[in-house]
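*Asks:* My questions will all concern the structure given below.
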Amino acid sequence: MSAPAGSATLTRLALRRDRVMIPGWIYALAATAVGSAVSYRSLYADQADRTDFQRSTNASGPLRAFYGPIYDAHSVGALTAWRIGVIGAALAGLMSILLVVRHTREEEETGRQEMLGATMVDRRAPLTAALTATAAADAVVALVVAAGMAVLGESPAGSVALGLQLAAGGLAFGAVAAVTAQLTASARLARGLAGTVLGAAFLLRAAGDAGSTGGSSPLVWASPLGWLEHLHPYAGESWWVLAPVAGFAALCCAAAYALVERRDIGASLLPARPGPAGAGRLLRGPSGLAWRLQRGSLYGWGAGLLVAGAVYGSVTDSVGDIVGDNGQVGDIIERMGGHTGLTDAFLATVMGVYGIAAGGYAVQSLLRLRAEESAGGAEALLAHPVGRLRWAAGHLAHALLGPVLLLAAAGAATGLAYGLAVHDVGGQLPRLTGAAVGQAPAVWVLVGLGVLLFGLRPRAASAAWGLLAACVLLGQLGPVLRLPQPVLDVSPFTHLPDLPGSHVAATPYAWLILVAAAALAAGLAGLRRRDLTS
Amino acid sequence: MNGAIDVAGLTKAFGRTRALDGLDLSVATGEVHGFLGPNGSGKSTTIRILLGLLRADGGRARLLGGDPWREAVPLHRRVAYVPGDVTLWRNLSGGEIIDLFGRLGGGMEPARRAELLDRFELDPAKKGGAYSKGNRQKVALVAAFASRAELLILDEPTSGLDPLMEEVFRGCVREARDRGATVLLSSHILSEVEALCDRVSIIRQGRTVESGALGELRHLTSTSVTAELGRAPEGLDRLPGVRDLAVDGTRVTLQVDNDRLDTLLQALTGAGVRTLTSRPPTLEELFLRHYTADAGQVPAGAAAGHGGTR
Ligand SMILES: Nc1ncnc2c1ncn2[C@@H]1O[C@H](COP(=O)(O)OP(=O)(O)OP(=O)(O)O)[C@@H](O)[C@H]1O
Ligand SMILES: [Mg+2]
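Residue numbers (my numbering), protein chains in the order written: chain A, 10 to 543; chain B, 1117 to 1426.
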């Protein structure tokens, strides 16, 4: 098949529009990989240290759940691949989802593509351009990571495998996004669906690895990220797993092209149903409108977190005992606090994940304010007797209270599933619900900072996603790079006590809430004073 | 003066762009006021300042006797607005949006709503994302006309309407005026302005260049003259107040300022007049002159002529 007319031009346009975003992602991914390798090189210089690290890691359910097992400890490269291989593939997947939807459905939704469609552009060209630009970005990720690792003296084959691991994750989920972009009329929903697939793939793999050693669980094999885990960079590469991943991506792409051929520009596959001829009782004002605009996303995130909670809760018990009778590592486990210590450590890590997810929801619903402003919805509303604060409050209620609901749901699901397994629902349900909700103040700080951006620099408001990403990076890389405490303290999540399992002090929560409130107030004051900008 | 809208010396800059540069606009209570100017001249910016969406850098703006920035919320109870580019929430139906706007403004009569939906032939059950451009505009128009506001601010409200709907729109504006409402109508459709407006203001590059009743503006300006002469005329281009001169053998067409008509006629008689037609300029000619004339850049005759109209 020759490239559809206009795809070369559109690819160049896409690369030009993303000339900041793509290099930023590539830099973050490559720096994470190479930075971890540099740090491991000094931390685990001796073979004895590496072997010890491998043993304790593989004995720890929480670590296996998040990164998979360490397959080999004979090189720094293998440790690096353990730490960033699967997570990096997931992050490259996220990058690809954002890129593909941005250049397909978002262009249609804004009507820009109609302008292009009237020129000599083939209807398949935007999809081809989006996939080409994304594949190019993924290829550069692979290249930079492989080169960086090889320069550090790691084996060339392993380095290439690690690069490909990331890039293949990118391609696979970019292809998923190519399909979801055809299914829905809104870019937001297309991103949400593809993100759900990515989250499910990660969750399956994590649950499988938490409950088994050596990645042997069928749950791992049910997930594209699990296939990629079995590429084993620096640990006797199994190149063949790239074949099913490539096949998966090709299938998705073929489906996406088939869908493009069958639908109208701007339309979704699901036919547009008529709505009610008049407004119901709830749609009375700005908050009723905000609820209508935001509820779908709350339901989606809620369902996702409930499932995640149930999955994590049901594997929690096995985290503590699966290697407990393995005498060799018995003392390692004792050092980690025994069965209770291990399960609590696992649960605390899981709560941290819920916190980040709630942060993602919070940033998304907060940025709805900005989207309303630039699309003109805010102008229509504010021309009525509606003050700016009242308008903002409708959406901020979602950004502030939504995370609490989501955290409670995730914590309750975890507590219920774990409680059922250990016959202690009455104890675990409230304990873990409380532990999860304990993440909320850190999320509020993110919301506060996001509102500050929105109030003072509205055109830069989407940098709130960057704040969330910085929190994730600090949480992930901080311990590996042994970053100094003041740097780690930048992330509000650092200040939360590890719950469940540790002592609850009021002070950190009070500080977080204070900072959040101050930023929120300053941002809202800015919003009241400034021009509305598109 | 205490009109519905009272703006004087308004300035607003976006970075380096001076969108408004000392704009004046006064709209008396109960009149339909046309607001005209070329693209990018600052009409929408003025309207957004009047709605408290943008903050003026300098000058004075009063809306219904209040400060549009500080008293935005109470003022908006008395105002209805139709933006030039209507965007609707794609997952809300038109009927839901009309009701939402009605409730925000303090309620609307169901009978009035139904009547307007009928007149504009709008299906209220369609989702916002499924409407055509004209139908999106109709949603905003139905909401505005159903509101019975004291002041209607309409920014190019008919740019997507078909001729039948344009007629319905005009009917609605007349009804609004008949019940005592004031209307500010920004538009590029001159026939619409001519049919509806009592007075107009023309702005260019953020400044008001002309304001007054339509008849008055026409009277003040110039006359189109076409003449067949006995011999080729000489020196017409040197006469003050003459513009757009075209000489084709013995046939002459030109525009002349009314206060220079006498001098021109003497010059023409000197060349032997065979036929002569003169008529007031069409609205198009009037506006085009204001849209394009720029004191520094056009021939001296035109600049002088322009000065003569003030
Ligand atoms: N938010 C903004 N940021 C920067 N420049 C702006 C902004 N809004 C308007 N402008 C500029 O201000 C000037 C006036 O724009 P405005 O939209 O008021 O024109 P207009 O008279 O409504 O034009 P049109 O007839 O095309 O609707 C233009 O030069 C425009 O580019
Ligand atoms: Mg405009």
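Yeah, the Cβ is synthetic: ideal placement off N, Cα and C, and Gly gets one too.
Within the 8 Å Cβ cut-off, does residue 467 of chain A reach chain C?
*Replies:* Although the question refers to chain C, the structure presented lacks it and instead comprises the protein chains A and B.
*Asks:* Applying the criterion that 16 or more other CB atoms from any shown protein chain within 10 Å of the CB defines a buried residue, is residue 1251 of chain B buried or exposed?
*Replies:* Working through the second sequence from its first residue, we reach residue 1251 of chain B at position 135. Flag for residue 1251 of chain B reads buried.
*Asks:* From this set, B:1130, B:1142, B:1124, B:1133, which residue's C-alpha is nearest residue 1329 of chain B's C-alpha?
*Replies:* On the second sequence, residue 1329 of chain B is found 213 positions in, with the first residue counted as 1. Closest option to residue 1329 of chain B, Cα to Cα, is B:1142.
*Asks:* Would residue 309 of chain A count as contacting chain B if we go by Cβ distances under 8 Å?
*Replies:* What you label residue 309 of chain A is simply residue 300 of the first sequence in a count that begins at 1. For residue 309 of chain A, no CB of chain B lies under 8 Å from its own CB, so it is not counted at the interface with that chain.
*Asks:* Threshold first: 4 residues or longer. Then list the alpha helix (DSSP H) segments lying entirely within the segment 1275 to 1312 of chain B, N to C.
*Replies:* If we require 4 residues or more, the alpha helix (DSSP H) runs fully inside the segment 1275 to 1312 of chain B come out as 1279 to 1294, 1306 to 1312.
*Asks:* According to DSSP, simplified to helix, strand and coil, what is residue 504 of chain A?
*Replies:* In the first sequence, residue 504 of chain A corresponds to position 495, counting from 1. Helix, per DSSP.
*Asks:* Look at the Cβ atom of residue 37 of chain A, then the Cβ atom of residue 234 of chain A, and state whether they are nearer than 8 Å.
*Replies:* Position 28 of the first sequence, counting from 1, holds the residue named residue 37 of chain A. Position 225 of the first sequence, counting from 1, holds the residue named residue 234 of chain A. No, they are not a contact pair.
*Asks:* Please return the same chain residues whose Cβ sits closer than 8 Å to the Cβ of residue 1379 of chain B, not counting the five positions on each side in sequence.
*Replies:* For this step, residue 1379 of chain B is matched to residue 263 along the second sequence. Contacts found: 1355, 1356, 1357.
*Asks:* Using a Cβ cut-off of 8 Å, pull out every chain A residue sitting near residue 1215 of chain B, in sequence order please.
*Replies:* If you number the second sequence from 1, residue 1215 of chain B lands on position 99. Simply 287, 288, 292.
*Asks:* Closer than 8 Å by C-beta to residue 331 of chain A: which residues in its own chain qualify, once you throw out the five before and the five after it? Chain order, please.
*Replies:* Sequence index remark: in the first sequence, residue 331 of chain A carries index 322 (1-based). Caution applies to residue 331 of chain A, whose pLDDT of 48 falls short of 50 and renders its modelled position unreliable; the value that the coordinates give is listed next. Answer for residue 331 of chain A: 70, 220, 221, 222, listed in chain order.
*Asks:* I'd like the ranges of any beta strand (DSSP E) spanning at least 3 consecutive residues and lying wholly in the segment 1202 to 1277 of chain B.
*Replies:* 1267 to 1271
*Asks:* I want to verify the contact list: residues of chain A whose CB lies under 8 Å from the CB of residue 1262 of chain B, in sequence order.
*Replies:* Counting from one through the second sequence, the residue named residue 1262 of chain B turns up at place 146. Here the premise fails: no neighbours, minimum Cβ distance about 13 Å.
*Asks:* Which value, in whole angstroms, describes the spacing of the CA atoms of residue 397 of chain A and residue 1272 of chain B?
*Replies:* For the purposes of this step, residue 397 of chain A is taken as residue 388 along the first sequence, with counting starting at 1. For the purposes of this step, residue 1272 of chain B is taken as residue 156 along the second sequence, with counting starting at 1. If I take the Cα positions, the gap works out to 25 Å.
*Asks:* Tell me, to the nearest whole angstrom, how far the beta carbon of residue 182 of chain A is from that of residue 203 of chain A; I am working on the premise that it is less than 8 Å.
*Replies:* Counting from 1 along the first sequence, the entry for residue 182 of chain A is found at position 173. Counting from 1 along the first sequence, the entry for residue 203 of chain A is found at position 194. The pair is a contact, with the Cβ atoms about 6 Å apart (cut-off 8 Å).
*Asks:* Residues around ligand 2, please: the condition is that the C-beta lies closer than 7 Å to some non-hydrogen atom of it.
*Replies:* B:1159, B:1160, B:1200, B:1271, B:1272, B:1302
*Asks:* Measure the alpha-carbon distance for residue 1265 of chain B versus residue 404 of chain A and round it to whole angstroms.
*Replies:* Counting from one through the second sequence, the residue named residue 1265 of chain B turns up at place 149. Counting from one through the first sequence, the residue named residue 404 of chain A turns up at place 395. Whole-angstrom Cα-Cα distance: 28 Å.
*Asks:* Does the Cβ of residue 212 of chain A have 16 or more other Cβ atoms within 10 Å, making it buried, or fewer, making it exposed?
*Replies:* Locating residue 212 of chain A in the first sequence gives position 203, counting from the first residue. It is buried - the Cβ of residue 212 of chain A has at least 16 other Cβ atoms within 10 Å.
*Asks:* CB of residue 543 of chain A to nearest heavy atom of ligand 1: below 7 Å?
*Replies:* By 1-based counting over the first sequence, the position of residue 543 of chain A is 534. Yes, the beta carbon of residue 543 of chain A sits closer than 7 Å to at least one heavy atom of ligand 1.
*Asks:* Within the 8 Å Cβ cut-off, does residue 218 of chain A reach chain B?
*Replies:* Within the first sequence, the letter at position 209 stands for residue 218 of chain A. It does not; no Cβ of chain B falls within 8 Å.
*Asks:* Tell me, to the nearest whole angstrom, how far the beta carbon of residue 147 of chain A is from that of residue 176 of chain A; I am working on the premise that it is less than 8 Å.
*Replies:* To locate residue 147 of chain A, count along the first sequence from 1; it is residue 138. To locate residue 176 of chain A, count along the first sequence from 1; it is residue 167. About 4 Å; that satisfies the 8 Å criterion.
*Asks:* Does the count of Cβ pairs from the segment 382 to 402 of chain A and the segment 1186 to 1197 of chain B closer than 8 Å reach three?
*Replies:* Enough Cβ pairs lie closer than 8 Å, so yes.
*Asks:* Which class does residue 1415 of chain B belong to by DSSP, given the choice of helix, strand or coil?
*Replies:* Residue 1415 of chain B sits at position 299 when you count from the first residue of the second sequence. Because residue 1415 of chain B sits at a pLDDT of 36, beneath the cut-off of 50, its placement in the model cannot be relied upon, and the point is left open.
*Asks:* Does any C-beta atom of chain A lie closer than 8 Å to the C-beta of residue 1375 of chain B?
*Replies:* Reading the second sequence from its first residue, position 259 is the one you call residue 1375 of chain B. Answer no: the Cβ-Cβ gap between residue 1375 of chain B and chain A never drops below 8 Å.
*Asks:* Would the segment 1164 to 1183 of chain B count as touching the segment 1119 to 1127 of chain B if we require 3 or more Cβ pairs under 8 Å?
*Replies:* yes
*Asks:* Verify whether the separation of the beta carbon atoms of residue 441 of chain A and residue 434 of chain A is less than 8 Å.
*Replies:* To locate residue 441 of chain A, count along the first sequence from 1; it is residue 432. To locate residue 434 of chain A, count along the first sequence from 1; it is residue 425. Not a contact, by the Cβ cut-off of 8 Å.
*Asks:* Distance, Cα to Cα, residue 1228 of chain B vs residue 531 of chain A?
*Replies:* Indexing the second sequence from 1 puts residue 1228 of chain B at position 112. Indexing the first sequence from 1 puts residue 531 of chain A at position 522. Rounded to the nearest angstrom, the two C-alpha atoms are 43 Å apart.
*Asks:* Contact criterion: CB-CB distance below 8 Å. Does residue 396 of chain A meet it with respect to chain B?
*Replies:* Sequence index remark: in the first sequence, residue 396 of chain A carries index 387 (1-based). Answer yes: the Cβ-Cβ gap between residue 396 of chain A and chain B drops below 8 Å somewhere.
*Asks:* Given a limit of 7 Å on CB to CB distance, which residues of the segment 1220 to 1235 of chain B reach chain A?
*Replies:* 1220, 1221
*Asks:* So does the segment 1340 to 1349 of chain B actually touch the segment 1366 to 1377 of chain B, counting three or more Cβ pairs closer than 8 Å?
*Replies:* Using a Cβ-Cβ distance cut-off of 8 Å, the segment 1340 to 1349 of chain B and the segment 1366 to 1377 of chain B are in contact, since at least three pairs of beta carbons, one from each stretch, lie closer than that value.
*Asks:* Along chain A, which residues have their Cβ under 8 Å away from the Cβ of residue 1241 of chain B?
*Replies:* As a first step, residue 1241 of chain B must be located in the second sequence, where it is residue number 125. Chain A residues near residue 1241 of chain B: 283, 284, 285, 286.
*Asks:* Over the uninterrupted alpha helix (DSSP H) stretch that includes residue 69 of chain A, give me the two end residues.
*Replies:* By 1-based counting over the first sequence, the position of residue 69 of chain A is 60. Looking at the DSSP string, residue 69 of chain A is not in any alpha helix (DSSP H), and its letter there is neither H nor E.
*Asks:* Please name the residue, chosen from B:1297, B:1242, B:1119, that lies closest to residue 1182 of chain B on a Cα-to-Cα basis.
*Replies:* If you number the second sequence from 1, residue 1182 of chain B lands on position 66. Considering only alpha carbons, the answer is B:1119.
*Asks:* Return the first residue and the last residue of the alpha helix (DSSP H) that residue 1149 of chain B is part of.
*Replies:* Here residue 1149 of chain B is taken as the residue at index 33 of the second sequence, counted from 1. Looking at the DSSP string, residue 1149 of chain B is not in any alpha helix (DSSP H); the run it does join, the beta strand (DSSP E), is 1148 to 1152.
*Asks:* Please list the segments of the alpha helix (DSSP H) lying wholly inside the segment 354 to 396 of chain A, counting only runs of 4 or more residues, in order along the chain.
*Replies:* 386 to 391
*Asks:* Bridge partners for residue 1176 of chain B per DSSP, in chain order?
*Replies:* Mapped onto the second sequence, residue 1176 of chain B falls at position 60. Answer by DSSP bridge pairing, in chain order: B:1124.
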